[in-house]
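Chains L and X, in that order, give the protein sequences. Just so we're aligned, residue 1 is where the first sequence starts under our numbering, counting upward by one. Just so we're aligned, residue 1 is where the second sequence starts under our numbering, counting upward by one. Think of the CB as a built atom: it goes at the ideal place given N, C-alpha and C, for glycine as much as any other residue. Nothing here was measured: the structure is a model prediction, and the numbers come from that model. Since the structure comes first, as structure tokens, the remarks are kept for the end.
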Amino acid sequence: GAGVSQSPSNKVTEKGKDVELRCDPISGHTALYWYRQSLGQGLEFLIYFQGNSAPDKSGLPSDRFSAERTGGSVSTLTIQRTQQEDSAVYLCASSSKTTGTNQPQHFGDGTRLSIL
Amino acid sequence: KQEVTQIPAALSVPEGENLVLNCSFTDSAIYNLQWFRQDPGKGLTSLLLIQSSQREQTSGRLNASLDKSSGRSTLYIAASQPGDSATYLCAVRGGSTLGRLYFGRGTQLTVWP
């Protein structure tokens, strides 16, 4: 597609439920990133994919968070047993290459997650 | 750990003014620095990318400079317009091959007619 696409755009769920967030990167982009934007916290890195592998998962806040990427394209971020502190905007970004030439990261509009 | 600071946190100016947004970072071993714009309820729009070997980049009324050794960047906006109102974020790509960005908290800009 023309840009990074994320779905759903908004998600409201009850505490304790599992949620899945989806990211469709720009076609041909091999690098994919997940970030979280919380009130008062700024933008935090969660995980980075190069192709289908995740060489950097160091930003995932707990083992309730996981992510996968299949076919070098779509990625899903899963949060299990959601807590109220998980409420945030989850942003996905992609870039055409991460080593060698330094390409900009392009962001989607995010998924606004609200935990009741 | 890389830390990025943006000053000021908020700025309100009349239309037509030239303005400067500041960004500083603690670890000068960066690959590049990127300036973004974020409108309310939206994602981030990339404005300018400066490679670590570059001193500045220009796009239209925007000019970004980079002084890597002192850990500073500035975003200069000429002849500001109400449509420039948004939050401006600075991000650095750290000194590794893993590509993550470290973000500042942003400068919230309001340009009034």
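In the DSSP assignment, what residue or residues form a beta bridge with residue 14/X? Partner(s): 112/X.
What is the DSSP secondary structure of residue 63/L, counted as helix, strand or coil? Reduced to three states, the DSSP call for residue 63/L is coil.
Tell me whether residue 55/L sits in a helix, a strand or coil according to DSSP, three-state version. DSSP, read as helix, strand or coil, puts residue 55/L in strand.
Mind listing, in chain order, the continuous beta strand (DSSP E) runs of no fewer than 3 residues lying wholly within the stretch 19 to 89 of chain X? Correct list: 19 to 25, 32 to 38, 44 to 51, 56 to 59, 62 to 67 and 72 to 77.
For residue 29/X, tell me which candidate among 8/X, 42/X, 67/X and 45/X has the shortest Cα-Cα distance. The alpha carbon of residue 29/X has as its nearest neighbour, out of 8/X, 42/X, 67/X and 45/X, the alpha carbon of 67/X.
Chain L contacts from the stretch 79 to 103 of chain X (Cβ-Cβ distance under 8 Å): Look at the stretch 79 to 103 of chain X: the residues with a C-beta under 8 Å from a C-beta of chain L are 89, 91, 93, 97, 98, 99, 100, 101, 102 and 103.
Can you give me the C-alpha to C-alpha distance between residue 14/X and residue 108/X, rounded to a whole angstrom? When rounded, the distance between both Cα atoms is 14 Å.
Does the beta carbon of residue 51/L sit closer than 7 Å to a beta carbon anywhere in chain X? For residue 51/L, no Cβ of chain X is located within less than 7 Å of the residue's own Cβ.
From residue 88/X to residue 35/X, what distance separates their C-alpha atoms? Each residue's Cα considered, the two are about 7 Å apart.
Output, in chain order, the set of chain X residues within a Cβ distance shorter than 9 Å of residue 31/L. Those within 9 Å of residue 31/L in chain X are 99.
Excluding five sequence neighbours on each side, which residues of the same chain lie with their C-beta closer than 6 Å to the C-beta of residue 81/L? Here the set comprises 16 and 64.
Nearest-angstrom Cα separation, counted from residue 42/X out to residue 4/L: If you draw a straight line from the Cα of residue 4/L to the Cα of residue 42/X, it comes to about 12 Å.
Does the CB of residue 10/L have a neighbour CB from chain X at under 7 Å? Any Cβ of chain X closer than 7 Å to the Cβ of residue 10/L would place that residue at the interface, and such an atom is absent.
What number of angstroms, rounded off, separates the C-alpha of residue 73/X from the C-alpha of residue 9/X? Using only the alpha carbons, I get a separation of about 15 Å.
Of the choices 53/X, 110/X, 75/X and 19/X, whose alpha-carbon is the least far from that of residue 46/X? When 53/X, 110/X, 75/X and 19/X are compared, the shortest CA-CA separation from residue 46/X is found for 75/X.
Taking C-alpha atoms, which residue in 113/L, 7/L and 35/L lies nearest to residue 91/L? Out of 113/L, 7/L and 35/L, 35/L has the C-alpha closest to the C-alpha of residue 91/L.
If you draw a straight line from the C-alpha of residue 23/X to the C-alpha of residue 50/L, how long is it? Answer to the nearest angstrom: the Cα atoms are 28 Å apart.
I'd like the list of long-range same chain contacts for residue 99/X, defined as Cβ closer than 8 Å, with 5 residues on each side in sequence excluded. Close CB contacts of residue 99/X within its chain, under the 8 Å cut and outside five residues either way in sequence, are with 93 (chain order).
Is the Cβ of residue 113/L closer than 7 Å to any Cβ of chain X? Output row for residue 113/L: interface = no.
For the candidate residues 114/L, 107/L and 115/L, whose alpha-carbon lies nearest to that of residue 43/L? The residue among 114/L, 107/L and 115/L with its C-alpha nearest the C-alpha of residue 43/L is 107/L.
Taking DSSP's pairing of strands, which residues face residue 4/X in a bridge? BP columns for residue 4/X point to 25/X.
If I measure Cβ to Cβ from residue 110/L and keep anything under 8 Å in the same chain, skipping five residues before and after, which residues do I get? Excluding sequence positions up to five before and after residue 110/L, its CB lies within less than 8 Å of the CB of 6, 9, 37, 89, 90, 91 and 92, all in the same chain and listed in chain order.
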